[in-house]
Every structure is written in C-alpha cells, then in structure tokens.
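Chains A and B supply the protein sequences, listed in that same order. All residue numbers for the first sequence refer to the numbering used here, where the first residue is 1 and numbers rise by one. All residue numbers for the second sequence refer to the numbering used here, where the first residue is 1001 and numbers rise by one. Here's the structure, in structure tokens; my notes come after.
2 protein chains.
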Amino acid sequence: MTDVAKLARVSAMTVSRALRNPEVVTPKTLKRIEAAIERTGYLPNRVAGSLSSQRTNVIGLIVPSLRNAAFVKTAQGVADMLGQRFDLMIAHSGYTLKGEEAAVVAFLSQRVCGMILHNTRHTPRTRRLIQEAAVPCVETGNLVSRPIEMTVGFSNRKAARAMTEHLIHQGYRRIGFVSVPLKENDRAAERRAGYAEALKKHGLAVDPDIMLEAEAGLKSGGEALVQLVTGRRKVDAVFLTDDVLATGAVLEANRRGWRIPDDIAIAGSDDDEYQQNVLPPMTSIRFPRYEIGRRAAGMVMDRVLGRPRRRAVVDLGFEIIRRAST
Amino acid sequence: MTDVAKLARVSAMTVSRALRNPEVVTPKTLKRIEAAIERTGYLPNRVAGSLSSQRTNVIGLIVPSLRNAAFVKTAQGVADMLGQRFDLMIAHSGYTLKGEEAAVVAFLSQRVCGMILHNTRHTPRTRRLIQEAAVPCVETGNLVSRPIEMTVGFSNRKAARAMTEHLIHQGYRRIGFVSVPLKENDRAAERRAGYAEALKKHGLAVDPDIMLEAEAGLKSGGEALVQLVTGRRKVDAVFLTDDVLATGAVLEANRRGWRIPDDIAIAGSDDDEYQQNVLPPMTSIRFPRYEIGRRAAGMVMDRVLGRPRRRAVVDLGFEIIRRAST
DNA sequence: TTGAAAGCGATACCAG
DNA sequence: CTGGTATCGCTTTCAA
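Listed below in structure tokens is the structure:
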C-alpha cells in the first residue's frame, strides 16, 4: 500500500480511503490512485485490515456434515445471500456437540463477524463462548424457543406429527417409523416425538418394535422397509423421516414388486427431486432448506451491519405434499 | 494475551510459545500459563497471529456451485483431509470464469495459505494472480497437462470415450448424447469430444441432431430422453453425462413403461447411489470425487508445510461400471 | 479533502 | 528456557 501511495503521490491513508470510501476522495486523486493500484498489482491485505479495524468480513457456517443434501441446501442459501460482501467459512461438526464446539472455537479465533449453526443444541461451553464473544449468531434447524440469539427453522416435531396424522386420516393404523440414529441428533429425536404424539392422540399404540433407526443411505432405507413389512409386524404404512431413506424404500419396493400404496404406503420427508420422480411419486414433507439459509444469512448480515441485538425466532414452517404413495 | 501473561507472571512471548510449542516451555511455567488461560477465558486472535507471522491457516476452495453433488463430494474430501489443522473457506464461481476470478481475488486478499480450484480453465488474470502470489494451488476436475502448479483429477474425454466405446461394443449404433450446457464448462465439452472421438474411430456418424444440452435436473434428463427416443431420430442408446440427468432418464422410462435396455439402453455418468439403485441399475462411470478432494487437500497441505514447489499432475482415473441398463 | 501518529495483538529475532 | 523490541499492513483518530 505504501508503494501505491508513493506512486500516486499521496499518503497511505488516502489510498485506504480511496478503497473504502471513494466518494470522499477528489476524483483526480482517485484516478491517480487507481492507476497506481493497477500498475503495482496491489491486493489489499484483509488480515491487516481486520486486525486494525477489529472486524472481519467472514461469516462462519457450521453444518453437521456435507454428506447430507439438506445441509448443503441451507449452505447454498447462505452462500447466495452473502454475495460478494462477505466471505464464507464452512466447518462440519460430524454430528457431535464436541465437534461443534471445536468449530466454534476455531471460528471465534478467526474472529468471524457472524456465525450460523445448523443445530439448536449445544454444549454449555459453546453457548457461553458465543455469548461472551457477542458474535451475531443464528441457529437453524429445529426451532427452539430460547435461542442463543436468533434462530430460523421449523418444528420437526410438528412436521412429523402432521405427517403421521395425515397417514392416520388416510386410514392407516400400523404405521412404521424410520429415522436416522437419534444420538446427539435433536432433529431426529423431535420427529420421533411428533410421530408418537400423533399416534397417542388418535388412540393408536406406540410400538417400539416398528420404530427403527437406520444409517443414512438408499440401501439402508430399503432394508428398513423390508424389515418392517416382512415378518409378523404387519405394518400398513411406513414413514421414513429422511429423504434418502425414503427414496431407498420406494426403490426397494419397486425391485420386489410390492405395490405402493396398496401393499404398503410409504411417506417420506425433506422432499426433493427424487421423491417427486420415483414411481409412484412420494408423499413427503417439504422443508424450506434453501430459504432458511438465506434468512439466516440475512439476519446475520443485518446484525453485522448495525441492527441492534435482539432475540428473534423465525418459523418458516413446512408443507405436507400429498402424492400417490399414500 | 497480555492479561494471561500477567496472571501467569511471564512475558507475552512465553505465552505465545506455550500455545505453539508447549515442549520448549518448562512444565511448571506451562501449568501456570494454562491455568491463566483457563481463568481468563483467553482465545488466541488468529488475525493478529496471521498478520505477524505472515501466514494464515486457511485453505480456500472454489467450486462452480454447491448445487451439484459431485462438487460437494470433493469438498467433503477436502474438509475431511484438512482436519483441525486448517480452516476451510468455500466460494462458488457460479460456473463462470469471472466468478472464479472474483473468488480468487477475495481469497488472495484474505491471504489464504493454499487454494483448491475445481476447474482447470481460468482467465489470464486468475492465472497471473495466483502465480504472482505464489500461493500453493491445486486444480481439480478435468485433467490438464500444464497446470498452474498442481492438479489432480481424471480425463473427462477419456472417460466419455470409454463409455461410448462400451456402448458400441454392446452393439448399439445410434447413440444419443446428453450433457449439461457446454458454455464455460470445459468438463462437459471434453466429454462431448470424447464421445465424438469414439464414434469416429468406429466409423459411426457424429450427428448433432442427437447431441443435446440439457439444464441440470431430473425432469430435464427425462425430457432429453423422450426427445431422443420419440420422433424420427431412432436412437438405440443414450449416454447422459451427468448423474442427475441420467437417473432422470431412467425414472422417465419407468413412468412410460419403456423397457431398459430392450427399448432403449441408458448409460450414465458420475455414478452414485441412485444410479445403483434404480430399476434397472444403471451402467455408469465412477469418478473418485471424494478421493480427489482428499488428494488435493493433501497436496496443498504438503506445500504449506514445507514441501518445495513442483509441477504435479495426478490422474486418479475412472471406472466404467457395467450394470443392467446397457 | 488530506496527512501524521498511534495502535490492533500477535510473532520473529536476538539477547541474556 | 525466557524476555525485550521491532514489526506485520492497515485503520482510527485527530489535526491541518
């Protein structure tokens, strides 16, 4: 920057201004500076700038994993919303609270100017660190009433309850339930709770024998379906609370020649292209993943750009999409 | 840090050492420092550290988009390989060379210590900037012989040629070709070239009428298939060089009751769970997406950690997976 | 509108 | 093994 300043015959300070508030610099001076920047190939050093100004332009995003399309959609929303004004750092927690904590520490050390967590459960230390650092923070995912600061998401419990009730209204009485493993995953746990609530409300038995946890994957969804349908459990419908598991179940039914929904009804979750296009198209729950990312990013940016701190809980809801599989 | 130093009755310098080279500090002193860190809740400021040491621990990754699962798999590989030692910044180019350039400028300003680009074509300025900054850089994706510095990937052209030859050997003679739009996408262009090469080599006509560009998406793949099969084009096989397009084609054939491969053979690309599990399982090309991410990250880290600069071209190849759809 | 001086919070380097 | 001092490249603040 000194080089640029010399070449343009101004002080470094003026160069700095020209870069951030071109309008307060005389057009003539500005021209000279721009020419000098061009000639020297100068690239501002944001590390120095950040240290000096005590703020960065980096937003940190923590997702459980990049393997799950749902989180990636949210990340897309975040990335699109941030645009050129902010840079994006992404870390993954590996679905563990400790992993999340480690990522938070790393981000805080980098002095990110805002954080987005895809999770609403945290270790006490995670909460404390974020609060003490007073970094603008949005939690996404399962809606909670008392966020660290702001949250945007939907109620997994209500969504699962709504889908289960839909199945009950369609006349199904033995409804199997399949989710990804519940350990350290509040979202899956909430869905299971919603499912159970609906059954109880309608006087149906909550039978652990037909509530399965399955590893992520198409194959795994198919296996879960087979496990529920064969043997003596006699389910008439299966609700799989994961996009990939759900599609896997339908594809497996196709392979075995089971008719959907006559032999077995299948409902999915986190609607996507595949669920829409399999045979038959699947009843599912649509979650506004991308929109959540955009909103979360927007809320963080607002705070970074000056809006005062305020608790905020934004419920973006969900939608039950009825298709031919139920 | 000064607070910690005071509390531990040592200099700031010693605290700094304790954090980075605990082994050179007397155990007793170390204990005091650790206690002080605990008490003050001190979090190192990496911005300051980076400015001082003139190097960050941030690796920048640029992908065309987060919407394409293939790029996300590579990103996973990168993220997994980096582990805790480095932080990851992700930017997307929007599939344009100018977008990539903007992201490179942003990363260089952030003084990332290494960069991974998912692209091997760049604007002249992009190449120049990276070379002048002398930042360790790995390009992934379509293999080229003269990378900026290092590259790891596979030959899209060879892969497409191999698949086309496989179809020819199976006895197909009118082979339709579908890819995503070629504009600013060297990978898609290379595949088309490979397809054409194979046809020529076997004395088959290269007919632009049966070479389609389709927007990404399951629907779009189905439409392309229908367009090729109906009408008077009489293709006997279709090669779709995109995972989603390919699955979309099979699902559409299922809906219409077309028998695969008897009525129409379908080959895909970038093999994934879906292509494996549709009916019938699809012949496809397997690319080592995840491994590419790991290798790229490994190569960058090696350079950052001191291995000398050296041109490197790593071909991770591909594999033709034969299944029932052809 | 422009400039000079004083940090920002760490690390490098050299003494002790 | 520990400490002092200069410095990294920019922004803040205040004065001209």
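Note that the Cβ used here is the ideal one computed from N, Cα and C, for glycine as well.
Worksheet item: Whose Cβ in chain A lies nearer than 8 Å to the Cβ of V1047(B)?
Response: Along the second sequence, one-based indexing puts residue 1047(B) at 47. V47, S50, L51, T56, Q110 and R111, listed in chain order.
Discussion item. Report the start-end ranges of each alpha helix (DSSP H) in the region 1168–1246 of chain B that is 4 residues or longer and not cut off at the edges.
Written reply: List check, alpha helix (DSSP H) in window: 1186–1201 and 1218–1229.
Worksheet item: Of the residues that make up the region 79–90 of chain A, which ones have a beta carbon closer than 9 Å to any beta carbon in chain B?
Response: Within the region 79–90 of chain A, those residues whose Cβ lies closer than 9 Å to any Cβ of chain B are, in chain order, A79, D80, Q84, D87, L88, M89 and I90.
Discussion item. Mapping the DSSP letters down to three states, classify A162(A) as helix, strand or coil.
Written reply: Residue 162(A) sits at position 162 when you count from the first residue of the first sequence. For A162(A), the secondary structure class from DSSP, reduced to helix, strand or coil, is helix.
Worksheet item: Quick one: Cα of K1158(B) to Cα of N1277(B), how far?
Response: Position 158 of the second sequence, counting from 1, holds the residue named residue 1158(B). Position 277 of the second sequence, counting from 1, holds the residue named residue 1277(B). K1158(B) and N1277(B) have their C-alpha atoms roughly 26 Å apart.
Discussion item. Strictly under 9 Å for the Cβ-Cβ distance: is K1219(B) near chain A by that measure?
Written reply: As a working mapping, residue 1219(B) is identified with position 219 in the second sequence. At least one chain A Cβ lies under 9 Å of K1219(B).
Practice prompt. Kindly confirm or deny that the region 1029–1046 of chain B and the region 107–124 of chain A touch, where touching means at least three C-beta pairs closer than 8 Å.
Written response: Two segments are said to touch when three or more pairs of C-beta atoms, one from each, lie closer than 8 Å; by this definition the region 1029–1046 of chain B touches the region 107–124 of chain A.
Worksheet entry | CA nearest to the CA of R256(A), picked from P1280(B), A1237(B) and Q1275(B) | Counting from 1 along the first sequence, the entry for residue 256(A) is found at position 256. That would be P1280(B), whose Cα lies nearest to the Cα of R256(A).
Worksheet item: So, is D1272(B) buried or exposed, given that buried needs 16 or more other C-beta atoms within 10 angstroms?
Response: Reading the second sequence from its first residue, position 272 is the one you call residue 1272(B). By the neighbour-count criterion, in which a residue is buried when 16 or more other Cβ atoms sit within 10 angstroms of its Cβ, D1272(B) is buried.
Fill in: Stretch pair the region 221–230 of chain A + the region 238–253 of chain A: three plus CB contacts closer than 8 Å
The region 221–230 of chain A vs the region 238–253 of chain A: in contact.
Worksheet entry | As assigned by DSSP and simplified to three states, the class of I1327(B) | The question about residue 1327(B) has no answer, for chain B in this structure spans 1001 to 1326.
Discussion item. Counting C-beta neighbours from all protein chains within 10 Å, is the total for Q275(A) 16 or more, i.e. buried, or is it exposed?
Written reply: Counting from one through the first sequence, the residue named residue 275(A) turns up at place 275. Q275(A) is buried by the Cβ-count criterion.
Worksheet item: For the region 1272–1300 of chain B, which residues have a beta carbon sitting closer than 8 Å to at least one beta carbon of chain A?
Response: Taking 8 Å as the Cβ-Cβ cut-off against chain A, the residues of the region 1272–1300 of chain B that qualify are E1273, Y1274, Q1276, N1277, V1278 and L1279.
Discussion item. Using 9 Å as the threshold, is the C-beta distance between A1160(B) and T1247(B) below it?
Written reply: Reading the second sequence from its first residue, position 160 is the one you call residue 1160(B). Reading the second sequence from its first residue, position 247 is the one you call residue 1247(B). The answer is no: Cβ separation not under 9 Å.
Worksheet item: How should M13(A) be labelled, buried or exposed, when 16 other C-beta atoms within 10 angstroms of its C-beta is the threshold for buried?
Response: As a first step, residue 13(A) must be located in the first sequence, where it is residue number 13. Label assigned to M13(A): exposed.
Practice prompt. Pull up the CB-CB distance for S145(A) and N119(A), whole angstroms please, since I reckon it's below 8 Å.
Written response: Working through the first sequence from its first residue, we reach residue 145(A) at position 145. Working through the first sequence from its first residue, we reach residue 119(A) at position 119. Rounded to the nearest angstrom, the Cβ distance from S145(A) to N119(A) is 16 Å, too far for a contact under 8 Å.
Discussion item. Tell me the DSSP secondary structure of V58(A) in three-state form.
Written reply: Looking up residue 58(A) in the first sequence gives position 58. The answer is strand: DSSP assigns V58(A) an E or B state.
Worksheet item: Any idea what DSSP makes of R255(A), helix, strand or coil?
Response: Along the first sequence, one-based indexing puts residue 255(A) at 255. DSSP places R255(A) in helix when its eight states are reduced to three.
Practice prompt. Specify whether the region 278–297 of chain A and the region 67–80 of chain A touch according to this definition: at least 3 beta carbon pairs, one from each stretch, less than 8 Å apart.
Written response: They touch, by the three-pair rule.
Item to complete: Can you give me the start and stop residues for the beta strand (DSSP E) that R286(A) sits inside?
Response: Taking the first sequence and counting its residues from 1, one reaches residue 286(A) at position 286. Bounds of the beta strand (DSSP E) holding R286(A) are S284 to R286.
Worksheet item: Relative to the C-alpha of G1194(B), which residue among F1239(B), M1150(B) and R1173(B) is closest?
Response: Taking the second sequence and counting its residues from 1, one reaches residue 1194(B) at position 194. The residue with the shortest Cα to Cα distance from G1194(B) is F1239(B).
Worksheet item: Going by Cα to Cα distance, which pick from R20(A), Y172(A), A35(A) and M89(A) is closest to A5(A)?
Response: Taking the first residue of the first sequence as 1, we reach residue 5(A) at position 5. Nearest to A5(A) by C-alpha distance, out of R20(A), Y172(A), A35(A) and M89(A), is A35(A).
Discussion item. Within a Cβ cutoff of 6 Å, which residues of the same chain sit near V1304(B), ignoring the five residues on either side of it in sequence?
Written reply: If you number the second sequence from 1, residue 1304(B) lands on position 304. Once the five neighbours on either side are set aside, the close Cβ partners of V1304(B) are C1113, G1114 and P1136.
Worksheet item: Per DSSP, which one or two residues make a beta bridge with G1153(B)?
Response: Locating residue 1153(B) in the second sequence gives position 153, where the first residue counts as 1. In the DSSP assignment, the residues bridged to G1153(B) are G1141(B) and D1315(B).
Practice prompt. For A1102(B), return the contacting residues in chain A, with the cut-off set at a CB-CB distance below 9 Å.
Written response: Position 102 of the second sequence, counted from the start, is the residue given in the question as residue 1102(B). Neighbourhood of A1102(B) in chain A, by CB distance below 9 Å: Q84, in chain order.
Practice prompt. Give a yes or no on whether the minimum CB-CB distance between H1092(B) and chain A is below 9 Å.
Written response: Counted from its first residue, the second sequence places residue 1092(B) at position 92. By this cut-off, H1092(B) is an interface position.
Fill in: Which of helix, strand or coil DSSP assigns to G41(A)
Looking up residue 41(A) in the first sequence gives position 41. If DSSP states are grouped into helix, strand and coil, G41(A) belongs with coil.
Worksheet item: What is the rounded straight-line gap between the Cα of A312(A) and the Cα of I130(A)?
Response: Residue numbering aside, residue 312(A) sits at position 312 when the first sequence is read from its first letter. Residue numbering aside, residue 130(A) sits at position 130 when the first sequence is read from its first letter. So the alpha carbons of these two residues sit roughly 16 Å apart.
Practice prompt. Buried or exposed for R1310(B), please, with buried defined as at least 16 other CB atoms from any protein chain shown within 10 angstroms of its CB.
Written response: On the second sequence, residue 1310(B) is found 310 positions in, with the first residue counted as 1. R1310(B) comes out exposed.
Worksheet item: Along chain A, which residues have their Cβ under 7 Å away from the Cβ of Q1076(B)?
Response: Residue 1076(B) sits at position 76 when you count from the first residue of the second sequence. Residues of chain A passing the Cβ test: L66 and R67.
Worksheet item: Can you list the residues of chain A that P1044(B) reaches, using a CB-CB cut of under 7 Å?
Response: Here the question's residue 1044(B) lines up with position 44 in the second sequence. The answer, in chain order, is S109.
Fill in: Nearest-angstrom Cβ-Cβ length linking A216(A) and V244(A), presumed shorter than 8 Å
The count along the first sequence starts at 1 and reaches residue 216(A) at position 216. The count along the first sequence starts at 1 and reaches residue 244(A) at position 244. Sure, about 6 Å apart at Cβ, within 8 Å.
Discussion item. Against chain A, does N1254(B) count as a neighbour if the rule is that its beta carbon must be under 9 Å from one of theirs?
Written reply: Within the second sequence, residue 1254(B) is the residue found at index 254, counting from 1. Among the residues facing chain A, N1254(B) is included, as its CB has a counterpart in that chain under 9 Å away.
Worksheet entry | A214(A) and Y172(A) closer than 9 Å at C-beta | Against the first sequence, residue 214(A) aligns to sequence position 214. Against the first sequence, residue 172(A) aligns to sequence position 172. No, the Cβ-Cβ distance between A214(A) and Y172(A) is not below 9 Å.
Worksheet item: How many Å lie between K1028(B) and A102(A) at the Cα?
Response: To locate residue 1028(B), count along the second sequence from 1; it is residue 28. To locate residue 102(A), count along the first sequence from 1; it is residue 102. A direct Cα-Cα distance of roughly 27 Å separates K1028(B) from A102(A).
Worksheet item: Any idea if R187(A) is buried or exposed, counting beta-carbon neighbours within 10 angstroms, 16 or more meaning buried?
Response: Here the question's residue 187(A) lines up with position 187 in the first sequence. Flag for R187(A) reads buried.
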